[in-house]
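Peer 1:
Chains as they are written, first to last, in our numbering: chain A, 34 to 339; chain B, 3 to 378; chain C, 18 to 345; chain D, 918 to 1166.
#1: Say whether chain D places a C-beta atom closer than 9 Å to the C-beta of residue 220 (chain C).
#2: Answer with yes or no whether the minimum CB distance from residue 145 (chain A) to chain C is below 9 Å.
#3: Have a look at B:49, B:105, B:190, B:51 and flag the residue whose alpha-carbon is nearest the alpha-carbon of residue 29 (chain B).
#4: Shortest alpha-carbon distance to residue 161 (chain B) belongs to which of B:152, B:171, B:154, B:153?
#5: Would you be able to state if there are at least three C-beta pairs under 8 Å between the segment 82 to 91 of chain C and the segment 265 to 273 of chain C?
#6: Leaving out the 5 sequence neighbours to the left and right, which residues in its chain are closer than 6 Å to residue 240 (chain B) when beta-carbon positions are compared?
#7: Applying the 10 Å Cβ sphere with the 16-neighbour rule, what's the burial state of residue 187 (chain B)?
#8: Identify the contact partners of residue 143 (chain C) in chain A, using a Cβ-Cβ distance below 8 Å as the criterion.
#9: Since residue 79 (chain C) contacts residue 60 (chain C) with CB under 8 Å, what's their CB separation in whole angstroms?
#10: My assumption, with CB atoms under 8 Å, is that residue 969 (chain D) sits in contact with residue 1009 (chain D). Please give the rounded CB distance.
#11: With H, G and I counted as helix, E and B as strand and the rest as coil, what does DSSP make of residue 893 (chain D)?
#12: Could you compute how far the alpha carbon of residue 147 (chain C) sits from the alpha carbon of residue 976 (chain D)?
#13: May I ask you to list the residues that DSSP assigns as paired with residue 113 (chain C)?
#14: Following the continuous alpha helix (DSSP H) through residue 1090 (chain D), name the residue where it begins and the one where it ends.
#15: Buried or exposed: residue 168 (chain A), going by 16 or more other Cβ atoms within 10 Å of its Cβ?
#16: What's the C-alpha gap between residue 200 (chain C) and residue 228 (chain C)?
#17: Once you ignore the five residues that flank residue 154 (chain C) on each side, which residues in its own chain have a CB closer than 6 Å to its CB?
#18: Check for me: the alpha helix (DSSP H) holding residue 48 (chain B) runs from which residue to which?
#19: Against chain A, which members of the segment 269 to 289 of chain C pass a CB distance test of less than 8 Å?
#20: Suppose contacts are defined by Cβ-Cβ distances below 9 Å. Is residue 1088 (chain D) in contact with residue 1001 (chain D) by that definition?
#21: Just to confirm my understanding: we take residue 184 (chain C), look at its own chain, exclude 5 residues before and 5 after, and list those with CB closer than 6 Å. What are they?
#22: So if DSSP puts residue 166 (chain A) in a beta bridge, which residue, or which two residues, is it bridged to?
#23: Taking a Cβ distance cut-off of 7 Å, strictly less, list which residues of the segment 76 to 105 of chain B are near chain C, in chain order.
#24: Let's see if you can read the secondary structure: which residues bound the beta strand (DSSP E) around residue 155 (chain B)?
#25: Measure from the C-beta of residue 321 (chain A) to each C-beta in chain C and report whether the shortest distance is under 9 Å.
#26: Closer than 9 Å, CB to CB, is residue 48 (chain C) near chain B or not?
#27: Considering only residues of the same chain and omitting the five flanking positions on each side of residue 1003 (chain D), which have a CB-CB separation below 7 Å?
#28: Quick one, are the C-beta atoms of residue 27 (chain B) and residue 61 (chain B) less than 9 Å apart?
#29: Check whether the segment 224 to 236 of chain B and the segment 265 to 282 of chain B touch, using three or more Cβ-Cβ pairs below 8 Å as the test.
#30: Counting only the same chain and skipping the five closest in sequence on each side, list residues whose C-beta sits under 6 Å from that of residue 307 (chain B).
#31: Please go through the segment 1126 to 1156 of chain D and give each complete alpha helix (DSSP H) segment of 4 or more residues, from N-terminal end onward.
#32: Among all the DSSP beta bridges, which residues are the ones paired with residue 133 (chain B)?
#33: If you measure between the beta carbons of residue 319 (chain C) and residue 138 (chain A), is that distance less than 9 Å?
#34: Pick from C:305, C:336, C:314, C:321: whose alpha carbon is nearest that of residue 146 (chain A)?
#35: Could you give the uninterrupted runs of the beta strand (DSSP E) lying entirely in the segment 83 to 168 of chain C, keeping only those of 3 residues or more?
#36: To the nearest angstrom, how far is it from the Cα of residue 141 (chain B) to the Cα of residue 89 (chain C)?
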């Protein structure tokens, strides 16, 4: 196996990882600040992708589609926060799970009601299509490279937002002590709506960006949602830094495992069998990773120690 | 589970008097992922029933949500409660495996409009089971045959890691005479194929064969087109069918895929079908719609000759396959699976709409590899 | 108007028995199948309710045991039906068509797996526990999909329902009888367990670990045992479910199924003896009747679930009895 | 001279640079009430946790009735005879008073692993639980939900649960906290009688109660025992005054 292939696969893992980070960041913020498990986060991802596909389809502009995705997902997030989620902050995790599970059903079938059963079309913008040559003779799709950069930029922006701005201070205070920020005169319900909309917008952005190279269809959010949960659990729930590290770990494990495990198995099996068992183990890889991390550190890599 | 009772052509006035003499149970996927396929099969089937003008056929339609346990439950309902004579509709092989063996053993006829799992074609074949679409391997075998014809010598092949995926690669390899540049099983439901595409790039393949149904295929094709690799791609029709093509867009243009049907197959039945389907539903018919349409016409042709209550006569009538198929010549082999021509077709753009055009026959009078195992 | 929980429980059981009998009388065998489905789902949820309701452990991976039960049935029956030996590595055995044997194997296998999953998962708590159980569920799901020997994603079909001495299990009402009897037995055991010292201690461990430790008991051990018992019950339900459908597939391991089991319990009432039973009946009824009305019935199901969480704390039993908590 | 029931030998515990427990050696003699006092943050709770098993000391030993329990878990120490009450009531709030007491009785009788007979119908458990409730004066409330009890009643129930264990030694973490003057007085009288049953290691802020009850008092400051002695000795200790009142004197 050539080093070019290995580097390309690492880039693929990174790209997958940063997109997972966009999902996971919102999820972990919402959990950290509001203590809420939001299963419907995957639906916001789907909303973003559908909004982008619909607007890009009408206007022909991918960029406008992206804006629409951000706006639609943030709006959907703010609405469900105000109508439903707000009533669940003090509820048991169990109630949160059920209520947001119900939201998944409503969003998924509702979207199918509006857009029909067939996948929508969303393509990458002309300017970003095709491969570029990287140093070392690696051909890599420009769009995926852009995704990596966008993901990194969003991660940096989030870090700045949380470490360096007033809102960030309020968010961090909220993670520590709800009464405390109320005492400081911050309007909690506004802050919560804002954080929820921010998380939703990130999910919507991920949905639109990824939708361009995948299939925009009903139910696209659930597999990603589960992966995002794996990410934040590995990273430690509530920790943005943990989400970032966790996302890269999951992205790399999943991508590299799928490629290298079958190769590894070929050393002591015939090709077909090695392919099958290798890819079988690889598909369980990230869950095994998560199990191992939790057994080692029951609150994740960067989670608050109990 | 939308129930649709249709006494075709029965006017409101005589509705009470129209006694349904034949009851057909259709279990298909109408909600959730993959609903598009079930909807097409249903629409094609109902179109043929409506065109027949018969008012004594009652079709009970239920949605299986693509869940095997729901499908089994519905099948119980069809047989126990509705007491249907004939069943049809199932899209997915795993659902078919859950429903069909039990149903045909309870003396119900089953006409498959889409799934053709290999056990039902070989050792597990049954006199009451008829497949009107294809045995699962067929289109992949045709892809292998086409690859030979196109002069490919080293193909990179991939499919999801589940039984139909294994069957697909086996089917391709059965006919393909060249070497394999790589053989990859992906995760079922996988949406990102960057890793596989990198492997393709790193291999010395001269062509790519893939079987990735539904959203998986859309994702792969978009990402493949963007990767800058220009190796030719072949695949079965599933990733290039009417319903799905618009979502793939330019990425699919020029790709060769194999199918037993296309809208430009030149025969009067097909022409009328394409036209009336478009008139009725406002969209181009898909492969699945054609299969639903053919299934209904097979049923109608048998009903002309015999009543399902006379099982032996009805079975003979079905076996004769005395109907005009949208795909031209159609006959059943000894295991009640089609013997038919499978075409290679190419994705083109007609105005704003992506569609396919036939470029030649990949396999003619093709049966399947399991017929010999069938003891009927 | 509020009702005493005991009357509700009695009414539900009587209703559950009367409906299939009525269906038998009016020759509506499918209704019997539908009720049987509800009974089996209820049984699975009763298993989950033990750890969720009493022990406070939100397992988002209980489909693992449902699936193991299903595959225990599928594999044993498959070998019996094909007359092939089941090679376990260290010894070979024949498959079987006997339901009691299958149940036993299903429960033992589920219990063993539950022991190991519990041992690892109980190191965590809260959301982490929810997520690690989910992860185990996904592992089993993907394993089953690629387990080619037993059908992979296609699953395994069994053409004839397995047998129970003295009964013809293919007759819907007889199979219903078996399932209903098992549900009653398990419900009885559950009610004994709930008030037993073990139940009391488990209930205490849900509320405060520290208190349980301070009186000299090990909450980990209590929870682990509960997890194992719970897994075994859900495994039994899985075997029955597979027999109901004469079919087993990886969807029995899916996270959606784990979610549905939780949903059943919340609909009925968490920690209540009959909560899962009422929940299962309502869920199956909704699935059936809403599905008749519209293709998009999931939307309405979602809205109904949402209303239950937002306005009906304590589930349906909570609404009917006017008491929110299971213990109030 | 008799052996101490409970003793710590050179306990040390640090959190980073902070020395929470600094070479603490204290003991508890039969029929004794030994009070531990100290300003907030002196490390009293940390010390209790190390004695009861919630926290592992960096070094040092805990000896109960001549048996070294340093390496044992909380529940093992409870079985060995440590009866603890919590600073903030830690009860099963959804359960009844009786059920809380029965839980303690189960621990004492070692019958948690029974699955058939109702716990509330098992006579050994009932007798033990009811006896304890009787003694703290909660018999009337036996069927009340814990959540509906007053603060004082919860404190009483805490003590009752510890009583059901028939411990060799009581560890009580601020049992008077939040009680009114009247309640404190009643509990003081009760604890005074309890010492006949088992000695009490008492952490308490209520100085009236401490000086009324304690045979000995240890003063903990910055994790270190700066003085141990009778009430009078402590009252007159210069070091203690400095620790409590700073440099003013």
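Each residue gets a CB set at the ideal place from its N, CA and C atoms; glycine is no exception.
Peer 2: Looking at the coordinates:
#1: Contact with chain D is found for residue 220 (chain C), since one of that chain's Cβ atoms lies less than 9 Å from the residue's Cβ.
#2: yes
#3: B:105
#4: B:171
#5: yes
#6: 215
#7: buried
#8: 126
#9: With 8 Å as the limit, residue 79 (chain C) and residue 60 (chain C) do not qualify as a contact, their Cβ atoms being about 12 Å apart.
#10: So it is not a contact: roughly 19 Å between Cβ atoms.
#11: Only positions 918 to 1166 of chain D appear in this structure, which leaves residue 893 (chain D) out of reach.
#12: Separation of residue 147 (chain C) and residue 976 (chain D) (C-alpha to C-alpha, rounded to the nearest whole angstrom) is 37 Å.
#13: None, per the DSSP bridge assignment.
#14: Taken as a continuous stretch (DSSP letters only), residue 1090 (chain D) belongs to no alpha helix (DSSP H), being part of the beta strand (DSSP E) at 1086 to 1090.
#15: exposed
#16: 34 Å
#17: The residues are 78, 80, 81, 272, 275.
#18: 37 to 54
#19: 272, 276, 279, 280, 283, 287
#20: Yes, Cβ-Cβ distance for residue 1088 (chain D) and residue 1001 (chain D) is below 9 Å.
#21: For residue 184 (chain C), where only same-chain residues beyond five positions count, the Cβ hits under 6 Å are 191.
#22: A:172
#23: Residues of the segment 76 to 105 of chain B with a C-beta atom less than 7 Å from some C-beta of chain C are 78, 79, 82, 83, 95, 96, 99, 100, 103, 104, listed in chain order.
#24: No beta strand (DSSP E) holds residue 155 (chain B); DSSP gives it neither H nor E.
#25: yes
#26: yes
#27: 1075, 1090
#28: yes
#29: No contact exists between the segment 224 to 236 of chain B and the segment 265 to 282 of chain B.
#30: 319
#31: Counting only runs of 4 or more, we get 1148 to 1152.
#32: B:114
#33: For residue 319 (chain C) and residue 138 (chain A), yes; Cβs fall inside 9 Å.
#34: C:314
#35: With a minimum length of 3 residues, the continuous beta strand (DSSP E) runs that stay inside the segment 83 to 168 of chain C are 102 to 104, 109 to 111.
#36: Rounded to the nearest angstrom, the gap between the Cα atoms of residue 141 (chain B) and residue 89 (chain C) is 35 Å.
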